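Numbering (the numbering used here), first residue to last: 132 to 479. Everything below concerns the one structure shown next.
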Ligand code: SAH
């Protein structure tokens, strides 16, 4: 359709659309090759054919929150809980460093065990041992003071998806104590403190519409984060959303490509959820404009416990030990995994 092509061209040129244009685009987009090819072209201009890797260490599946979509929500009494000690985390970094990882991502539920003091100590030890590596955190909502302490301890980046930029939708996915307002405040606090910030959303979360997706894109434009995580929603059997359907892989790829057009410099992961939903999902993400993958570096004994959704892949090529396989796969589609911190490239 001609007008869809025109909207995509406009997005690529002006890096912005109005809400109405977003809805129109999302309602009518049918041919994916055009946006994918445009997204790749922009990605090649900025990041070449490099794929950045991040070693993902899932430090704890204890969580004080009760997000309706998430398998490690506190009401899930069937989750087999664990938390990693500082030594276990440092062991993961050691293994990861030898494999060529230069970014370590510590992700977990909101687990009060990891006070600022505990986290700062872990961050400092990692930075002491691996000064050339970046430390990324993904530990949920905290106060400005806590984020500040973590930054001062040496953390470089923080991932906190906004999940949805629509108030009503936000409250249908989260318990009443969690608000979109506070989520946004956290993201702006993190930016102000100088973190490279990652936001993002699930595609196909229950209640999502093209209108809420349009609002997500407008919010991302306003926040202008350095990273955007986009993956399909996948139901978890022991959550209130057990019977909901999963998001579409194709739509996830489209959202990645459109995000690349809107925020050309962004670091965009081809997510594990995408790899779980579709065979070769990770490669397809790269071909839609993503430039980051986050293989799992957690100790093997806990990987099967960090289950945000059903059937999460954790032992195949998305595992850090299979970096060689991943490398081969990306090579076959013309991309190369690099040993580098993989920082955000600012607009020149
Ligand atoms: N506690 C941290 C880390 C959350 S897990 C935080 O709050 O940021 C990281 C991301 O996984 C979440 O932001 C969410 O978007 C995604 N996620 C959670 N449950 C999911 C599910 N059922 N399907 C797909 N993605 C999910």
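By construction, the Cβ of each residue, glycine as well, lies at the ideal position given by its N, Cα and C atoms. Computed from a prediction, not measured in an experiment: that's the story for all the values here.
Starting from the Cα of residue i, find the closest Cα among the options and give me that residue.
| i | options | result |
| --- | --- | --- |
| residue 416 | 139, 153, 168 | 168 |
| residue 429 | 238, 376, 155 | 238 |
| residue 280 | 466, 254, 262, 464 | 254 |
| residue 319 | 345, 333, 354 | 354 |
| residue 262 | 242, 275, 234 | 234 |
| residue 193 | 177, 212, 199, 267 | 212 |
| residue 451 | 150, 179, 140, 184 | 184 |
| residue 313 | 269, 298, 327 | 298 |
| residue 289 | 218, 265, 305 | 265 |
| residue 223 | 434, 341, 352, 345 | 434 |
| residue 214 | 208, 186, 447, 245 | 245 |
| residue 157 | 146, 139, 145 | 139 |
| residue 381 | 307, 409, 147, 182 | 409 |
| residue 345 | 352, 132, 150, 133 | 150 |
| residue 347 | 311, 371, 374, 199 | 311 |
| residue 474 | 329, 379, 340 | 329 |
| residue 191 | 323, 180, 220, 283 | 220 |
| residue 338 | 155, 180, 200 | 200 |
| residue 293 | 460, 250, 349, 391 | 349 |
| residue 232 | 188, 273, 243 | 188 |
| residue 195 | 351, 216, 470, 270 | 270 |
| residue 375 | 327, 141, 440 | 440 |
| residue 177 | 402, 462, 391, 470 | 391 |
| residue 160 | 468, 295, 135 | 135 |
Note down the Cα distance separating residue i from residue j, rounded to an integer number of angstroms.
| i | j | result |
| --- | --- | --- |
| residue 287 | residue 137 | 38 Å |
| residue 412 | residue 444 | 11 Å |
| residue 143 | residue 393 | 7 Å |
| residue 174 | residue 438 | 31 Å |
| residue 277 | residue 247 | 6 Å |
| residue 477 | residue 335 | 31 Å |
| residue 472 | residue 197 | 33 Å |
| residue 240 | residue 252 | 19 Å |
| residue 466 | residue 418 | 9 Å |
| residue 407 | residue 358 | 21 Å |
| residue 386 | residue 203 | 26 Å |
| residue 363 | residue 356 | 20 Å |
| residue 207 | residue 165 | 43 Å |
| residue 489 | residue 258 | The displayed coordinates of the chain run from 132 to 479. Any statement about residue 489 would go beyond what the structure contains. |
| residue 162 | residue 152 | 17 Å |
| residue 422 | residue 322 | 22 Å |
| residue 307 | residue 315 | 16 Å |
| residue 179 | residue 205 | 42 Å |
| residue 303 | residue 229 | 43 Å |
| residue 372 | residue 442 | 15 Å |
| residue 133 | residue 148 | 17 Å |
| residue 389 | residue 426 | 24 Å |
| residue 420 | residue 242 | 34 Å |
| residue 282 | residue 218 | 21 Å |
Helix, strand or coil for residue i per DSSP?
| i | result |
| --- | --- |
| residue 330 | strand |
| residue 288 | strand |
| residue 182 | strand |
| residue 234 | strand |
| residue 452 | helix |
| residue 468 | strand |
| residue 313 | helix |
| residue 294 | strand |
| residue 159 | helix |
| residue 442 | coil |
What residue ranges within the segment 355-425 form continuous alpha helix (DSSP H) runs of no fewer than 4 residues, ordered along the chain?
380-393, 403-408, 412-418
Can you check the segment 187-268 for any beta strand (DSSP E) of at least 3 residues that lies completely inside it and give the ranges in chain order?
234-239
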